[in-house]
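Under my numbering, the first residue of the sequence shown is numbered 36, with each subsequent residue one higher.
Yeah, the Cβ is synthetic: ideal placement off N, Cα and C, and Gly gets one too.
Notes for the one structure printed next.
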Amino acid sequence: PLEVFMEESTRLLADLGFDADNSLAIVGLARDEVTRPFLNAITKRWGEPYVTHSLGAQCNIGKEGIKQCLSHAPKKTSNSRTKLVIFTCPNISCNQSSETGHLYRPNLPEPCPTNSELQEFVRKFKSGLFSIHKKPHTFSPDMDLDPDLLDVSDLELSIMSQKLCAQLVRDGGLNDASLPAVARLAGRAALHDFNLLIDRYVNLQAADVALVSAVQIHGQYQDYGKAEELKFDTEFVALQEG
36 PLEVFMEEST RLLADLGFDA DNSLAIVGLA RDEVTRPFLN AITKRWGEPY
86 VTHSLGAQCN IGKEGIKQCL SHAPKKTSNS RTKLVIFTCP NISCNQSSET
136 GHLYRPNLPE PCPTNSELQE FVRKFKSGLF SIHKKPHTFS PDMDLDPDLL
186 DVSDLELSIM SQKLCAQLVR DGGLNDASLP AVARLAGRAA LHDFNLLIDR
236 YVNLQAADVA LVSAVQIHGQ YQDYGKAEEL KFDTEFVALQ EG
């Protein structure tokens, strides 16, 4: 449950020296309204966060974004260490029969698809639009975005697709094209990109960063009920001096 997740994550982060008084929370979720309870819970525990929401909950903030996070983080003195806590969490809907991929929303007679960006990625991958093995669409594990593959009419989806393809290279291929598996894939891709930003642009001689990576599982009814408040595949990474 969300309450337990927040209590346990707060405890673990406190053991590492991160708390609401000395740290800035950075939150990367999908923009769906069903992610709002999670965002509200983080805000209640950590104060107003720096929000990086995107399709597939990917990390698109780049060099300037991480610089802003560093400059916005609280400090008791000018010599205090900068501390960031990053929550990066894609979401997925699931009912009691373990069916995924749709959501009942108020005032809509039929269920509507959820995670449509992830479903579209799988469709295009299966159709051969992307390949992780041969030219012209070959992806390296630590690639930067290929401008030739960006679709300006659907920019964010094309960015997400490249990031997921690069993660597939790191994973060794796509063995499971189910929605839960692709949600986990998106989580690993976002975690990798946050780690890459930290490695490139954060001075760990002066700053500490904690990353919390999870997948939010919510129910299929948009009622903000308890079924929306589950997490799985949670991973904690702390990057500190030494």
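Between the options, which has its C-alpha nearest residue i's C-alpha?
i	options	result
LEU64	LEU199, ASP228, ASN238 and PHE122	PHE122
LEU153	ALA224, GLY254 and ARG71	ALA224
LYS161	VAL217, ASN114 and LEU90	VAL217
SER213	ALA245, GLU155, LEU239 and LEU180	GLU155
GLN93	VAL244, ASN126 and SER113	ASN126
MET41	ASN75, LEU59, ASP56 and SER58	ASN75
LEU59	LEU48, ARG66 and PRO84	PRO84
VAL244	LYS111, GLY52, VAL157 and PRO141	GLY52
ASP228	PRO144, THR112 and ALA201	ALA201
VAL157	GLU134, ILE233, THR70 and MET195	MET195
LEU226	THR70, CYS129, PRO141 and ILE61	ILE61
LEU192	PRO36, ASN95 and ILE77	ASN95
GLU43	ILE77, VAL69, ASP234 and ASN57	ILE77
ASN230	VAL120, ASP189 and GLY163	VAL120
LEU232	LEU37, LEU105, ARG71 and ALA49	LEU105
What residues in its chain sit with their C-beta under 8 Å from that of residue i, if we drop five residues either side in the sequence?
i	result
LYS170	Unreliable positioning characterises LYS170 in this predicted model, as indicated by a pLDDT of 45, which lies under 50. The coordinate reading is nonetheless provided below. Excluding sequence neighbours, LYS170 sits near nothing in its chain.
GLY222	ALA92, THR123, CYS124, PRO125, SER248, ALA249, VAL250 and ASP268
Per the DSSP calculation, residue i is bridged to which residue(s)?
i	result
THR123	GLY63 and SER248
PRO148	HIS137
HIS253	SER128
LYS118	ASP243
TYR85	ILE61
Considering only residues of the same chain and omitting the five flanking positions on each side of residue i, which have a CB-CB separation below 6 Å?
i	result
LEU265	Caution applies to LEU265, whose pLDDT of 49 falls short of 50 and renders its modelled position unreliable; the value that the coordinates give is listed next. ILE252, listed in sequence order.
TYR236	LYS98 and ILE101
ASP67	none
PHE73	GLN251
Would you mind sorting residue i into buried or exposed? The rule is 16 or more other CB atoms within 10 Å of its CB.
i	result
LYS79	exposed
VAL39	exposed
GLN240	exposed
PRO187	The residue asked about is misnamed: residue 187 is Val in this sequence, not Pro. Exposed, because fewer than 16 other Cβ atoms sit within 10 Å of the Cβ of VAL187.
ALA108	buried
PRO215	buried
LYS198	buried
SER115	exposed
LEU143	exposed
THR112	exposed
For residue i, collect the residues of the same chain with a Cβ closer than 7 Å to its Cβ; drop the 5 residues on either side in sequence, then sort them by chain order.
i	result
LEU209	PHE160 and LEU203
PRO148	GLY136, HIS137 and GLN154
ALA55	ARG80, TRP81 and GLY82
THR45	ARG80
Does the ligand FMN have even one heavy atom less than 7 Å from the beta-carbon of residue i?
i	result
LYS161	Although the ligand FMN was asked about, the structure shown includes no ligands whatsoever.
Give me the Cβ distance between residue i and residue j, rounded to the nearest whole Å; I'm assuming they're in contact under 8 Å.
i	j	result
ALA242	THR117	4 Å
SER128	GLY254	7 Å
Spell out whether any CB of chain B is found under 8 Å from the CB atom of residue i.
i	result
LEU209	Of the chains in the structure shown, none is chain B; there is only one protein chain.
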